[in-house]
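Residue numbers (my numbering), protein chains in the order written: chain R, 1 to 417; chain P, 418 to 834. Here the structure comes first, spelled out in structure tokens, and everything after it is commentary.
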Ligand SMILES: [Mg+2]
Ligand SMILES: [Mg+2]
């Protein structure tokens with residue numbers, strides 16, 4: 001299949017199947033123990049479902065995404081799509097069960113409705129709104145296998161042994177763990193197969209069933225191909241899963257730091273030394289020099305260290321902030337900007353300098369409105385080489401801490417290294 | 418059973434069974450994708466297994482805890498026990514599989530060895546080193562049920578459908594989710610039952626089996642009672658689970674803040690107003706006044722806001738730090754101390770005051786050695802009532818942020834509200 005070429009290549013190939021995705025998102029949040037349904041719970045202030053939409057819409061060969069939400073949440077969902085600029089999303093009303101919601105999504109794709117831009121795909125992906133970390137790789141695998149087998153789904157090894165209880169609440173038997181798997185998402189189907197299965201299946205299936213692969217087997221005699229998925233496919237189910245998802249997202253957007261300097265020619269520059277220190281102290285983090293800021297913003301770097309040596313004001317930081325605001329980089333994730341000043345306490349009165357720098361609080365309040373988290377950092381710059389090393393190291397530690405936590409309660413603070 | 422009386426009461430009752438626990442902790446960390454076995458991964462700088470030991474040893478009616486670790490990790494485990502002052506722990510060498518490790522633990526309890534303080538219990542709990550959030554409640558339930566039924570284990574509803582693959586990697590059949598459960602830990606057994614089962618069972622069972630309840634059924638014909646457990650019983654398996662565990666622990670130790678003041682009589686005191694603001698702004702957090710510090714430390718409050726109004730130095734903070742260091746409160750969790758000063762910028766030169774307060778960096782470095790995280794907070798105290806409200810609110814936000822994140826990279830910083 002040309003699909004295995006993936007990405008843009010597949011888009012051009014005429015044998016690439018038309019692919020759509022259906023996302024049931026009508027569930028309530030009962031398992032979380034919180035009032036908000038879990039797909040709408042915020043992570044870094046953005047609803048979980050937006051991360052899942054982002055994961056699907058970056059895949060160029062997925063043409064349409066149909067999301068099934070309750071009538072109650074329809075307006076909220078429209079706002080999410082608009083605010084986070086999601087493209088190619090259609091909304092349908094969810095049913096009272098997961099299967100009924102999926103069925104509604106499939107109907108929207110099957111029917112040639114007036115004023116509807118959807119058309120029937122060859123293959124349809126079914127995914128969960130609460131599995132935001134799905135990768136293009138596994139989507140491609142289930143779609144390719146569905147084209148060949150009619151149906152395919154991601155699986156994972158079992159973490160716990162599965163047992164069957166007797167009616168009196170005692171162990172009847174336990175299942176051999178090695179012979180069973182957990183059925184996860186995404187799954188993919190030839191559209192005609194899964195649509196037929198939903199049209200044929202009983203009300204009992206629609207009310208109490210949980211497994212699409214089962215419907216394809218029962219009503220269309222299609223044995224789904226099983227695809228080994230990564231641990232990241234797990235379903236955000238409990239409050240602890242929201243914590244885990246937040247930590248994973250924070251970690252992912254903290255992998256790159258761009259250092260911007262106001263003195264570009266001098267390699268002896270203390271800013272370069274801070275950059276070197278960041279490289280040495282922060283393993284696994286890519287430290288980039290900000291020579292081509294437009295390019296770095298395009299590459300989605302979410303962390304900026306802005307070094308001001310020549311000037312004692314925020315001119316360089318202001319330029320960077322303006323660029324960031326124009327770029328829309330911070331629509332999806334909070335962007336961290338740390339404005340660094342160096343100071344030799346012995347030559348400049350410390351207190352006076354700090355008072356001057358306190359205006360960063362006003363800037364921070366202003367740019368927070370566009371999801372930019374601005375902090376100040378004052379690095380001690382003594383004559384003594386060893387002391388300088390120490391304050392640069394301390395500066396790197398503070399920068400790492402601010403980027404890792406992305407704490408909006410501390411914006412506008414002036415930290416001292 | 419007198420056990421249902423729980424706690425200290427059960428201890429006195431002569432019909433309370435002697436209970437021991439066995440913790441297999443010989444596993445390697447392969448599923449985490451990290452070199453450290455997961456039971457030794459640090460959370461807030463303390464190894465995961467220490468949290469699990471803490472959860473078991475706080476239960477007064479568990480007399481002995483036997484931990485099975487590899488010869489390689491024996492010394493590290495001894496250090497953990499010493500450093501975190503765990504009591505009543507015995508170490509045995511683990512086997513190459515989970516079942517063999519549990520068997521080694523049971524043997525240590527069964528045998529009357531010279532120089533060994535262990536004695537054979539009536540009931541034995543088997544738990545995992547990587548399930549740190551086990552509550553006394555569920556331990557009591559499995560022990561009580563084991564006494565009656567011979568065996569008992571915690572279960573949870575399935576999060577995913579379980580399927581059985583055919584040899585060619587396709588779906589053979591899926592299991593009805595409502596008729597199955599995940600078998601979790603803790604489990605409990607009459608000692609003679611589970612010891613007999615391990616002595617009878619085959620090498621194949623010891624090598625490839627995963628389920629203790631299954632051994633009791635197969636070799637002793639005991640149908641274990643199944644006990645519905647809470648979501649918190651989940652097993653820390655992947656890196657994301659470590660993130661989740663860290664967030665849960667941080668949340669748990671952030672539920673109470675003690676406000677300590679240097680002026681105790683005056684209710685108009687700005688410190689009282691900060692305390693009120695904390696109460697209003699931080700929902701779900703208990704804000705306590707520090708009138709009886711010894712009592713509050715005993716109650717395991719891990720967060721202190723120390724307000725200095727009468728003095729402009731750190732006298733009150735020093736007193737608190739000394740008390741905390743003597744109490745050993747910070748052995749198990751990092752304790753946050755925020756030293757608050759108020760300042761009317763218009764009457765005192767701002768810079769001079771800050772220079773004076775910078776000595777907090779040295780204090781912070783010093784107390785970090787005993788796991789105390791010290792931060793400074795300077796709150797603007799203007800004449801204008803509305804502005805004062807605003808700076809108190811900002812102060813509460815910063816206090817909340819520092820307590821929530823417990824970030825050791827920012828200790829010694831002087832934050833400004
Ligand atoms: Mg797309
Ligand atoms: Mg005990």
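All C-beta atoms, glycine included, are put in the ideal place defined by N, C-alpha and C.
Distance between beta carbons of residue j and residue i, contact taken as under 8 Å
| i | j | result |
| --- | --- | --- |
| residue 401(R) | residue 827(P) | 5 Å |
| residue 138(R) | residue 230(R) | 7 Å |
| residue 197(R) | residue 215(R) | 4 Å |
| residue 399(R) | residue 377(R) | 7 Å |
| residue 549(P) | residue 654(P) | With a Cβ gap of about 13 Å, residue 549(P) and residue 654(P) do not count as contacting. |
| residue 597(P) | residue 164(R) | 6 Å |
Classification of residue i by the beta-carbon crowding that lies within 10 angstroms, buried from 16 upward
| i | result |
| --- | --- |
| residue 621(P) | exposed |
| residue 361(P) | With chain P covering only 418 through 834, there is no way to say anything about residue 361(P). |
| residue 338(R) | buried |
| residue 69(R) | buried |
| residue 322(R) | exposed |
| residue 751(P) | buried |
| residue 498(P) | buried |
| residue 391(R) | buried |
| residue 430(P) | Only weak support is given to the placement of residue 430(P): the predicted model assigns it a pLDDT of 43, under 50, and the value that follows is read from those uncertain coordinates. Result: exposed. |
| residue 331(R) | exposed |
| residue 441(P) | buried |
| residue 96(R) | exposed |
For residue i, the three-state DSSP class (helix, strand or coil)
| i | result |
| --- | --- |
| residue 617(P) | helix |
| residue 73(R) | helix |
| residue 248(R) | helix |
| residue 639(P) | coil |
| residue 805(P) | helix |
| residue 99(R) | helix |
| residue 288(R) | strand |
| residue 161(R) | strand |
| residue 406(R) | coil |
| residue 309(R) | coil |
| residue 672(P) | coil |
| residue 587(P) | strand |
| residue 436(P) | strand |
| residue 592(P) | coil |
| residue 468(P) | helix |
| residue 238(R) | coil |
| residue 554(P) | helix |
| residue 565(P) | helix |
| residue 498(P) | helix |
| residue 719(P) | coil |
| residue 747(P) | helix |
| residue 413(R) | coil |
| residue 181(R) | strand |
Closer than 8 Å at the beta carbon, the chain P residues around residue i
| i | result |
| --- | --- |
| residue 169(R) | 642, 643 |
| residue 197(R) | Result: empty, since nearest Cβ-Cβ is about 13 Å, beyond 8 Å. |
| residue 56(R) | Those within 8 Å of residue 56(R) in chain P number zero; the least Cβ separation is about 20 Å. |
Interface partners of residue i on chain R, CB under 8 Å
| i | result |
| --- | --- |
| residue 701(P) | Neighbours of residue 701(P) on chain R: none; closest Cβ ~12 Å, over 8 Å. |
| residue 601(P) | 160 |
| residue 572(P) | 163, 165 |
| residue 665(P) | 240, 243 |
Residue i: contacting residues in chain R (beta-carbon distance under 9 Å)
| i | result |
| --- | --- |
| residue 617(P) | What residue 617(P) touches in chain R: nothing, since even the nearest Cβ is about 17 Å away. |
Closer than 9 Å at the beta carbon, the chain P residues around residue i
| i | result |
| --- | --- |
| residue 241(R) | 657, 661 |
Under 7 Å by beta carbon: chain R residues contacting residue i
| i | result |
| --- | --- |
| residue 815(P) | 409, 410 |
| residue 582(P) | 181, 226 |
| residue 627(P) | 161, 177 |
| residue 818(P) | 407, 409, 410 |
| residue 381(P) | Because chain P in this structure spans residues 418 to 834, residue 381(P) falls outside the shown range and cannot be described. |
Chain-ordered chain P contacts of residue i [CB-CB under 7 Å]
| i | result |
| --- | --- |
| residue 413(R) | 832, 833 |
| residue 110(R) | Going along chain P, no residue has its Cβ under 7 Å from residue 110(R), so there is no contact; the nearest lies around 24 Å. |
| residue 214(R) | 591 |
Proximity test, Cβ basis, 9 Å: residue i and chain C
| i | result |
| --- | --- |
| residue 171(R) | The structure shown contains no chain C; its protein chains are R and P. |
How about the stretch 156-164 of chain R and the stretch 205-224 of chain R: do they share at least three Cβ pairs that are nearer than 8 Å?
no
On the three-pair Cβ rule with 8 Å, is the stretch 268-278 of chain R touching the stretch 240-249 of chain R?
no
Could you check whether the stretch 477-484 of chain P touches the stretch 492-509 of chain P, counting it as contact only if at least three pairs of C-beta atoms, one from each stretch, sit closer than 8 Å?
yes
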